[in-house]
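Final position of the sequence shown in UniProt numbering is 163; the numbers increase by one with none missing.
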Amino acid sequence: MAPERATASCFCGAVKLEFPVEGVDLVDTFICNCTDCRTITASMFASNFIIKNSSLKHLSGEDKLTKFAQSQTIATGSTMENSFCSVCGTLMYRRSSGFPTNSVLRIGTVDDFNLHDTKLKPRIEQFTKDRVGWFHGGEGVKQVEGNYYTGGKEWKDTGKHKM
């Protein structure tokens, strides 16, 4: 039996994606408090999930995605490519040169809100050292001071944002 799949849409509906919500192609779910995620989402933290690139399907609007890549604010020095809807500006996913087989999607773009509390509920919260004082983390979510996915790898000081 094939893993269950769901959809995500941008604010205006021009871009629609399909992805797995279970199985090996759903890599992980996490909250990120790094300054890069905070800035690019214009929020205090980002709620994300990671899937294998090979399982991401563009149902509509792939031609509407605008890509922006840079490494200046990424503390590992990896290049992060961001794919935005060119119509409404919604960030649909990110891809890192450090993890080239994965895509990081935003839980808030998922069309079925029930999945936010179930299969896509964050498992990890990273960069807790950078989170705002009024947020104390998700209930039952593993708390990590730095980047969970690099296993405590040292960060370079970019002089701008620090992850």
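Beta carbons: idealized from backbone N, C-alpha and C, even for Gly. Keep in mind that this is a model prediction, so the values were computed, not measured.
message: Strictly by DSSP, which residues pair up with Met80?
response: Here residue 80 corresponds to residue number 80 of the sequence shown, with the count starting at 1. Under DSSP, the beta-bridge partners assigned to Met80 are Gln70, Ser96.
*Quick one, are the C-beta atoms of Ala6 and Leu115 less than 9 Å apart?*
Position 6 of the sequence shown, counted from the start, is the residue given in the question as residue 6. Position 115 of the sequence shown, counted from the start, is the residue given in the question as residue 115. In contact: Ala6 and Leu115 (Cβ atoms closer than 9 Å).
*Rounded to whole angstroms, what's the CA-CA distance from Phe84 to Thr66? Just pull it up for me.*
Along the sequence shown, read from residue 1 onward, the residue named residue 84 stands at position 84. Along the sequence shown, read from residue 1 onward, the residue named residue 66 stands at position 66. Within the model, the alpha-carbon separation for Phe84 versus Thr66 is close to 5 Å.
Self-check item: Straight-line gap, Glu129 to Glu145 (C-alpha atoms, nearest Å)
Solution: Here the question's residue 129 lines up with position 129 in the sequence shown. Here the question's residue 145 lines up with position 145 in the sequence shown. Reading off the sequence, residue 129 comes out as Lys, not Glu. When rounded, the distance between both Cα atoms is 5 Å.
**Study point:** Test item: CB-CB of Ser103 and Arg95 under 9 Å
**Key:** As a position in the sequence shown, residue 103 is number 103, starting the count at 1. As a position in the sequence shown, residue 95 is number 95, starting the count at 1. Yes. Within cutoff.
(message) On a Cα-Cα basis, can you pick out the residue from Leu91, Gly138, Lys119 that is closest to Val15?
(response) Position 15 of the sequence shown, counted from the start, is the residue given in the question as residue 15. Nearest of Leu91, Gly138, Lys119 to Val15, Cα basis: Leu91.
Please classify Arg38: does DSSP put it in a helix, a strand, or coil?
-> One-based indexing of the sequence shown puts residue 38 at position 38. Looking at Arg38 - three-state DSSP - the assignment turns out to be helix.
- Message: Looking at the strands, I want to know which residues DSSP matches up with Leu26.
- Response: Reading the sequence shown from its first residue, position 26 is the one you call residue 26. In DSSP, Leu26 forms a bridge with Ile51.
Local Cβ density within 10 Å of Phe45, reported as buried at 16 or more and exposed below that
Mapped onto the sequence shown, residue 45 falls at position 45. The residue is buried, with at least 16 neighbouring Cβ atoms inside 10 Å.
Quick check on Gln70: buried or exposed, where buried means 16 or more other Cβ atoms within 10 Å of its Cβ? Within the sequence shown, residue 70 is the residue found at index 70, counting from 1. Gln70 is exposed by the Cβ-count criterion.
What does the Cβ neighbour count give for Ser47, buried or exposed, with the cut at 16 atoms within 10 Å? Against the sequence shown, residue 47 aligns to sequence position 47. Only buried fits Ser47, as 16 or more other CB atoms lie within 10 angstroms of its CB.
Let me make sure I understand the geometry here. Which of Glu81, Trp134, Phe99 has the alpha-carbon closest to that of Tyr93? For the purposes of this step, residue 93 is identified with residue 93 of the sequence shown, where counting begins at 1. For Tyr93, the closest C-alpha among the options Glu81, Trp134, Phe99 is that of Glu81.
*asked:* Can you tell me whether Ser43 is buried or exposed? The criterion is at least 16 other CB atoms within 10 Å of its CB, across all chains shown.
replied: Position 43 of the sequence shown, counting from 1, holds the residue named residue 43. Exposed, by the Cβ-count rule.
**Message:** With distance defined between alpha-carbon atoms, name the residue in Pro100, Thr29, Cys37 nearest to Ser78.
**Reply:** Working through the sequence shown from its first residue, we reach residue 78 at position 78. Taking the Cα of Ser78 as reference, the smallest distance to any Cα among Pro100, Thr29, Cys37 is reached at Pro100.
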